[in-house]
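> Shown below is the structure under consideration.
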Amino acid sequence: MAGHSKWANIQHRKGRQDAKRGKIFTRLIKEITVAAKMGGGDVNMNPRLRLAVDKAKAESMPKDNIENAIKRGTGQLDGVDYVECRYEGYGIAGAAVMVDCLTDNKTRTVADVRHAFSKYGGNMGTDGCVSFQFKHCGYLVFAPGVDEDALMEAALEAGAEDVVSNDDGSIEVITGPYEFTDIKDALEAKGFKSEMGEVTMRAENETELTGDEAARMQKLLDALEDLDDVQEVYTSVVIGE
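When we follow full-length UniProt numbering, the leftmost residue of the sequence shown carries the number 1, and every step to the right adds one.
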C-alpha cells in the first residue's frame, strides 16, 4: 500500500493539465515531428511515434495536423528542426525536478529554465543529479472502488510490471513505456477504464509538501510548464492537502 493523498493529488494534477489544454496541441505536434524524424513515419515500426499519435487522437487532434507533423519529421514537408534537451534541478525542500524540452534554440531554453528555477526558489543542477530518482514507464490510475483483485489479475495477464494499491483506494498499474498502449487497450477490453494514464518519468520516492512549501513548489512547476520550449515537467513532489 502507498500514498496518503494520492487520489486527491492525481485529480488536482489532472485539473491543472485540463486548464492548460491550449498548449497541448503545440507540444504534441512537436513530439510527433521529433518522433517521426528519429524513428520514421510508420507508427507500427516506431513505438515513440505511436504513443505520440495515440495521445494526439485522445486529445481530438485533427487527422491532418497529425499527418502533417509526421511529414515534417520525415522531411516531406518543411519544418523547424527541434532538438531534445533535459534539465535537472531541485525545487522546494530539495525535491527532485526534471524538465524535458524540444527546442530550436538551446541557448534560449537553458536560460529560460534556469531563470524559472532561480525566480521561484529552486536550483538548476548538473546533468544526472536527479534523473536516477526516476523510472521511465507507463502508468494508469483507477478510481477508488475498482475491484482490486480482478484488475490486478487482468493487468498482470496483459503484461503490466506492477500494480500499486494506495491507501485511499485508488490503484495504479505500472507498465513498460512502449507496452503502455497495448496494456491500456487490453484492460479497457475487460471493462477497466482508467481515470488517467500516460508514459512518464515516475519518481521512485515521493516527497509530500503541504502549506506554504506546497504553494511555492506549485508556482515553480507552473513557471516551468508555461515555458514554450518545455514538453514535460517531472517531480518527486506530492502536493499534500
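Cβ coordinates follow ideal geometry from the N, Cα and C atoms, glycine included.
Could you spell out the range, first to last residue, of the beta strand (DSSP E) harbouring L207?
According to the sequence displayed, residue 207 carries Thr and not Leu. Note, T207: beta strand (DSSP E), T207 to L209.
> So G121 and G89 are supposed to be a Cβ contact under 8 Å. How far apart are they, rounded?
No, G121 and G89 are not in contact; Cβ-Cβ is about 11 Å, not under 8 Å.
> Is it buried or exposed, E204, if we count other Cβ atoms within 10 angstroms and call 16 or more buried?
With fewer than 16 Cβ atoms within 10 Å of its Cβ, E204 is classed as exposed.
> Measuring alpha carbon to alpha carbon, tell me which of I29, L49, I92 and V34 ends up nearest L221.
Cα-wise, what sits closest to L221 is I92.
> Closer than 8 Å is the cut-off here; do at least three beta carbon pairs connect the segment 106-117 with the segment 136-144?
They do not touch, by the three-pair rule.
> Considering only the alpha carbon of each residue, which of V43, T181, R86 and G145 lies closest to Y234?
Nearest of V43, T181, R86 and G145 to Y234, Cα basis: R86.
> Hey, would you say E206 sits closer than 9 Å to S165, going by beta carbons?
Against a cut-off of 9 Å, the Cβ pair of S165 and E206 comes out as no contact.
> Is the beta carbon of G145 less than 9 Å from the beta carbon of G169?
Their beta carbons are under 9 Å apart, which means G145 touches G169 by this criterion.
> Report whether the distance from the Cβ of V110 to the nearest heavy atom of the ligand SAM is below 8 Å.
Looking at this structure, you won't find the ligand SAM or any other ligand, since it has none at all.
> Taking A143 as the reference, which of S194, V173, D226 and E225 has the closest Cα?
If we check each option's Cα against that of A143, S194 comes out closest.
> What is the residue span of the alpha helix (DSSP H) that F180 lies within?
Run containing F180: F180 to A189, per the alpha helix (DSSP H) assignment.
> Indicate whether the contact test is met: 3 or more Cβ pairs, each with one atom in the segment 195-202 and one in the segment 149-167, closer than 8 Å.
Cβ pair count under 8 Å is below three, so no.
> Output the distance between the C-alpha atoms of G40 and G73, rounded to the nearest integer angstrom.
Taking the straight line from one Cα to the other gives about 8 Å.
> Can you tell which of L224, Q218 and G176 has the C-alpha that lies nearest to the C-alpha of G240?
The option with the nearest alpha carbon to G240 is Q218.
> By DSSP's criteria, E31 is part of a beta bridge. Which residues make up the other side?
According to DSSP, which records beta bridges pairwise, E31 is partnered with nothing at all.
> Quick check on the burial criterion: 16 or more other C-beta atoms within 10 angstroms. Buried or exposed for E185?
According to the sequence shown, residue 185 is Asp rather than Glu. Flag for D185 reads exposed.
> Hey, would you say V53 sits closer than 9 Å to I66, going by beta carbons?
Yes, the pair counts as a contact, with Cβ atoms nearer than the cut-off.
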